[in-house]
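Enquirer:
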Ligand code: AMP
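Residue numbers (our numbering): 245 to 649.
1) What number of angstroms, rounded off, separates the C-alpha of residue 569 from the C-alpha of residue 448?
2) How about residue 578 and residue 490: are their beta carbons less than 8 angstroms apart?
3) Please tell me whether residue 428 and residue 397 are closer than 8 angstroms, where the distance is taken between their beta carbons.
4) DSSP state of residue 585, grouped into three classes?
5) Grab me the residues of residue 463's own chain with a C-beta within less than 6 angstroms of its C-beta, minus the 5 sequence neighbours each way, in chain order.
6) Using DSSP with H/G/I as helix, E/B as strand and the rest coil, what is residue 370?
7) The ligand AMP and residue 538: does the residue's C-beta get closer than 7 angstroms to at least one heavy atom of that ligand?
8) Which whole-angstrom value is the C-beta distance of residue 281 and residue 306, which I expect to be below 8 angstroms?
9) Grouping DSSP H, G and I as helix and E and B as strand, with all else coil, what is residue 385?
10) Going by CA-CA distance only, name the one from 257, 256, 255, 263 that's closest to residue 247.
11) To which residues of the same chain is residue 304 closer than 7 angstroms at the C-beta, ignoring the five residues directly before and after it?
12) Determine the contact status of residue 378 and residue 352, defining contact as a CB-CB distance below 8 angstroms.
13) So residue 401 is in the beta strand (DSSP E); what residue range does that whole segment cover?
14) Have a look at the DSSP bridge pairing and note the partners of residue 259.
15) What whole-angstrom Cβ distance do residue 691 and residue 369 have, given they're in contact under 8 angstroms?
16) With residue 354 as the anchor, note down where its alpha helix (DSSP H) starts and where it stops.
17) Who are residue 625's beta bridge partners in DSSP?
18) Keeping to the same chain, check which residues put their C-beta closer than 7 angstroms to that of residue 552; ignore five residues upstream and five downstream.
19) Run the CB neighbour count on residue 383, radius 10 Å, all protein chains shown included, and call it buried at 16 or more, exposed below.
20) For residue 550, which of helix, strand or coil comes out of DSSP?
21) Following a CB-centred definition, is residue 580 positioned closer than 7 angstroms to any heavy atom of the ligand AMP?
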């Protein structure tokens, strides 16, 4: 079954075309990204498997035009990988926020679209773009089955004690202000993949997954179900990130707004886009690679930021070990944790007292492929598992589309 996976941002369309034979037997036919939609010059980077990549620069006015360009490229006689649109069996979309409406992937219909629209309130930058993506696909492929997979769905198994804020209850009743979490597709994938790789029965397990990338979150997973996660009402809560501040005393927000005369939108912008690595480095970088280089060159600020990164992860992992009364497996994933062995080593060193032991040599080499980085004697297994959110979306889309036939 040929599945097109789409991740629409406000000015971009990321895509992967996968030939799914089964959950575990599949091949990537092509992937790419169309960036700067709506700007004077857009850029399409298309990477067909087994063929030369294509880079196209041209104006693309909106998502509808952009989706047509992506689909036309997929069937292009030179750069394409399929013969016609009819070869695509179904389309799966990544959706950031599904709130309490969705605890799993679903086939798109009018009711689903209405609910995603209601959730725009909670994810104003993302959900409107996802809706544009669904509409753009419907425009070119009106008959195709479309499926939506939510970043929040995996965390719908959290108990109220984990998801409620200690605010007046009426704000939950009136506005559904609560913790929803994010990166659910990634935490789901790496926990299952990690358990299978480590020979652990997911249905009888305590797993902590650390998704450390530009956005970062840590999740406690008991018997395959998310019981707590560090992101909250929005993906701002939790630990330090590339441009996000993570958790702090909420009074800081009102204090700074008064002191600096900031509007709510300006404050939201500062906390989401001008904080984290970028804010603490006074605008130098939001990229972990630059911080590592600077730390190596003796830069004290870079060291402070990276020390805080390790400390934030440590506090979350420690809290979740206590919350689950133990842990069988700790998994590291996403851009930063997949590519920086020192982060995995430094976090785990903080749990030496409870018998977690890293094999330094294996850890130093672990990149790109699944790896167990703990020693055989370690009381807890530790793994590095590269995340693959697109594969989860493709699997769900395949199952739901098959069910419909
Ligand atoms: P993600 O959001 O998962 O794509 O992760 C982005 C983060 O991963 C950025 O902060 C990068 O600095 C970091 N990253 C990606 N590749 C590498 C690499 N090869 N070495 C070190 N850090 C990396």
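Glycine included, each C-beta is placed from N, C-alpha and C at the ideal position.
Expert: To lay it out plainly:
1) 13 angstroms
2) no
3) yes
4) helix
5) 431, 453, 470, 473
6) coil
7) no
8) 7 angstroms
9) coil
10) 263
11) 278, 281, 286, 310, 313
12) yes
13) Counting along the chain, residue 401 falls outside any beta strand (DSSP E), and DSSP gives it neither H nor E.
14) 250, 276
15) Outside the modelled stretch of the chain, which goes from 245 to 649, sits residue 691, for which no answer is possible.
16) 354-362
17) 573
18) 484
19) exposed
20) helix
21) yes
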